[in-house]
Structure formats: C-alpha cells, structure tokens
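Encoded as structure tokens, the structure appears first; notes follow it.
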Amino acid sequence: MAEAIQVLLAHNLAETRRMLRGVLSQKSDVEVVGEVNDGAHALQKLSVITPNVLLIGVSPNMSDDIRAIEQITLQYPNVSVIVLSEHKDWYYVREYMRAGAKDYLYMPVTNDVLVSTVHDVYNTNRKLHERNTVAALNDEFVHKSRVFTFVSTKGGVGKTTVAINAAAAWAKLGKSVVVVDLDLQSGVDNIFLGLTPARTIADLVRECADIDPEALKRYLIQHESGLSLLCAPIRPEEMELVSPAHVRVVLQILKKMYDYVIVDTSPVVNDNFFTTYEVADECFLVHTLNLTVIKNNRVLLDLLEELGYQTDKVKHVVNRNAVRNGMKISDLHQIFQKDVFWSLDNDYSFVEQSINQGIPFVLKEPHHRLSKQVYSFVTKLDTLRGSQPSRRGLIRAMFSRKR
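With my numbering applied, the sequence shown corresponds to residues 1 to 403, in that order.
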C-alpha cells in the first residue's frame, strides 16, 4: 500500500467541502487532511501541515485568490494547487495558471475527473520534486528534524524503555525532543518519566477542531530534563477518538517544532500504525533474543512489504542482549538479512528500579553501562543526521548524576 495522497480543501461553502471530502474519501489512496474557507486560511494551514494537493475554490475576490496561490506555490513548491471554479472564461484560467495553479476544473465536476486530476497533478509534481531533490539532499539532511518511531509486535521487550531513555539522552545533550505516546490503549510513557497527565492526545482531538502549534503546546507535559510528552489517553475507550488524520497532523506539526520526535507505538498494527510508519524517517524495530518476538517482528516486515511499503527505514535494535537463551545476534542477521543497528545489554533489576522511580536510567545513573550504550546509540544517530554533539557535551551528560 503506497502512501496516501494528502489533500487540503479550501472552499467558502461547507456543502461543497463535504461533497469533495465524500468523493475523495472513497479512494483508499487519497486522504483529506484538513478543510479551510479560502486561500488565505490555506496559507496559514500550510504552516502546520504539508499536504500534496490543495483544492481551492475561487472566491468573489479574484485578486485575493491570485495572491494566495502565488505565495503558496512560492513557499510550498511541493504542494500542487488545483483551482475549482464556475468561470469558464479563458481569462480566469490564464490568470490562475500564471499564479502557479497546476490545473483548473470547471464546477460542477464529475467524480472521475476530480479524482483523476488529483492523481495526475500529484504524480507530475512528485517526479519534478524527485529530480530537484538530489542536488539539495545533503544540506537538507543536515538541517531537518527527524521523526523516529519505536516498534515491536510484542509487549514487554523494552520498546518503551529504549524510546524514553533515548529521548532523555537527547534532551540531556541539548536537543529539543518530544515523545508521543501512541500506544493509545495502554500507553505508560508518563509513568516512565514520573509525570501525571493533565491532558492527553484524546483531549487534544476532542477539544481542538483545528490543531495548530499553539493549541498543541497546551497538551504537552514538560519533563525536568527538557523533553516534552504528549500522553496517551487515560481511558482505553478514548483510543477511538484518535484517527490516522489526527496522527499525521500532530506528527507533522511536532516535526516543525522539535529536533527529534520520538513515537512510542502500540504492539497492535492498525491504521494509526501505518500512518506513523509513513511519517517516520526511521523505524526502530525492537527485539529480544526470543523466537516468538523475532517471528512476530518478521511477520510485520513481511506485511509492510506486501502492502507496498519501503522497509529501508527499518533499523533493528536488540534489547537485553546479554541474556543467554540459546539465540545470538547473528541469528537475527540470518533471519532478517540485515545487520543489527544497535544492541543493549541486560540489567533487568536496574531498569525495573528506574521505571518504578519514574526516572530514566540515563538521567539517574549516566555512568552505568546501559546508559553509556544509550548515549552511544543517540550519538550514532546524531552523526548520521549530520549533527554530532560535541565530545564535551557528551562527557558532561554521561558523568553528571541526577540529583
């Protein structure tokens, strides 16, 4: 299953927006990610989310439309603009196309023409973007923020432990970090950090019809290490409130606000999982040297490949490596035909104590061997990102005991 084409609707008539959403929602490869009234509000919305296609209806003030489309195409060249209009005069077509629109559809438009046009302009712009990306890739890679998701198909493997301690290590090294607990049914990231959630992601989507950075900030909890946390719902039934569109918008906003967005996922593979995987820059598949864990994680990778997802972004992390149970890391290489990116030793009582105290062990005992392994893990990722921390900062982080 390829990534869905994300569409933003901009039209002053709510009825027309409902019609457009209804037509596009019937297509599995198209996702409507937001609605606004006009071009000016679309420009504001684009500072929050980055759709592939903008469907914009003409307003009574043509000059406002032209100005908005010019700014959108200049500031967001990866967004393809399609104009919807009842005007069939060639003058209108020419002016909107000059402003940067990729296509111009006469209203009312048939369902087939609407859908095919969305696909056509998306594919054309994607090919153009791919050609232009290569030259600027190195500079972009150095400076852009990253979304890292931590995944495992079985609970109890230490996925949350690795995610939380990696986030705390980055925060200690001076990075801006946010953790998103997307184990919507039974997330416990707040417990690992010793935090009591006042608001959760369920409250966010229930109370905010239009999620933006300022609104989102009000639902984040600040940890004393400097990292932020967006908590999972308190009650399991609230997980139904959070849709894939919510997940995508939240992660895209946070990516513009932080150096690192750390996503702790549920063991359950559902639509929210696939959306998270699509948004993520890297996916860390966490194993223990346990045959059932490895088997289930292998099934997950096979499923992703069957659905058309690229699995190059998946990196394998082994937790509790020192446990002697008859399996070795070399066995993982044979099963997955890929090297293990990182491994962490086993010290169950040490980790369990840090969880019960609500203090990440990288902060509680930075000189412990597990803490050093986590700091080395995040430093390696910083190096690959092109933003390696200074040696002085790393030493200070590893040898400054939490008081």
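Backbone N, C-alpha and C define an ideal beta-carbon position, used for all residues, glycine too. As the structure is a prediction and not an experimental result, all values here were calculated from the model.
Out of T149, V36 and S85, the CA that lies nearest to the CA of A209 is found in V36.
In terms of CA proximity to F284, A166 leads the group S145, Y106 and A166. DSSP lists L8 as the bridge partner or partners of G34. A straight-line Cα-Cα distance of about 40 Å links Y91 and V250. By the Cβ neighbour-count rule, Q337 is exposed, with fewer than 16 other Cβ atoms within 10 Å of its own. Residue environment analysis places Q222 among the exposed positions, since fewer than 16 neighbouring C-beta atoms fall within 10 angstroms of its C-beta.
Between the stretch 6–14 and the stretch 33–49, the count of C-beta pairs closer than 8 Å reaches three or more; the two stretches touch. A check of alpha carbon separations from L230 across V247, P236 and E240 identifies V247 as the nearest. Bounds of the beta strand (DSSP E) holding I56 are V53 to G57. Rounded to the nearest angstrom, the gap between the Cα atoms of S376 and G156 is 23 Å. Less than 8 Å divides the Cβ of L300 from the Cβ of V269. Counting only unbroken stretches of 3 or more residues, the beta strand (DSSP E) elements lying wholly within the stretch 152–191 are 177–182, in sequence order. Boundaries of the beta strand (DSSP E) harbouring V318: V314 to V318, taken from the DSSP string.
Its Cα nearest to that of I72, the residue H41 stands out among V93, H41 and E86. Unbroken beta strand (DSSP E) stretches of 3 residues or longer found wholly inside the stretch 253–292: 260–265 and 282–287, given in chain order. Residue R324 holds the alpha-carbon nearest to the alpha-carbon of T288 among E282, K127 and R324.
Contact between the stretch 232–244 and the stretch 144–160 is absent: fewer than three C-beta pairs spanning the two stretches fall below 8 Å. Counting only runs of at least 3 residues, the stretch 331–363 fully encloses the following beta strand (DSSP E) elements, listed from N- to C-terminal order: 340–343. The criterion of a C-beta distance shorter than 8 Å is not satisfied by F350 and F341.
Proximity to K45 across E214, Y96, L370 and D120 peaks at E214, based on C-alpha coordinates. Here T160 is actually not in contact with V263; their C-beta atoms are around 11 Å apart, not less than 8 Å.
Within the stretch 33–119, the complete alpha helix (DSSP H) runs of at least 4 residues fall at 39–45, 62–75 and 90–99.
The alpha-carbon separation between D112 and T16 amounts to approximately 16 Å. E95 and P60 have their C-alpha atoms roughly 15 Å apart.
Burial state of H333 is exposed, judged by a 10 Å Cβ sphere holding fewer than 16 other Cβ atoms. Check the Cα spacing between V118 and each of S266, S80 and S176: the tightest is with S80. Secondary structure at S25: helix, using DSSP grouped into helix, strand and coil. For A99, the CB contacts under 6 Å within the same chain, skipping 5 residues up- and downstream, are I66, I69 and E70 in chain order.
A straight-line Cα-Cα distance of about 29 Å links Q75 and F274. With respect to the 8 Å criterion, K256 and E282 are not classified as neighbours on the basis of their beta carbons. Taking the Cα positions, Y106 is about 40 Å away from A202.
Checking the DSSP bridge columns, you'll see I221 partnered with L229. By the Cβ-count criterion, S354 is buried, with 16 or more other Cβ atoms from all chains shown falling within 10 Å of its own Cβ.
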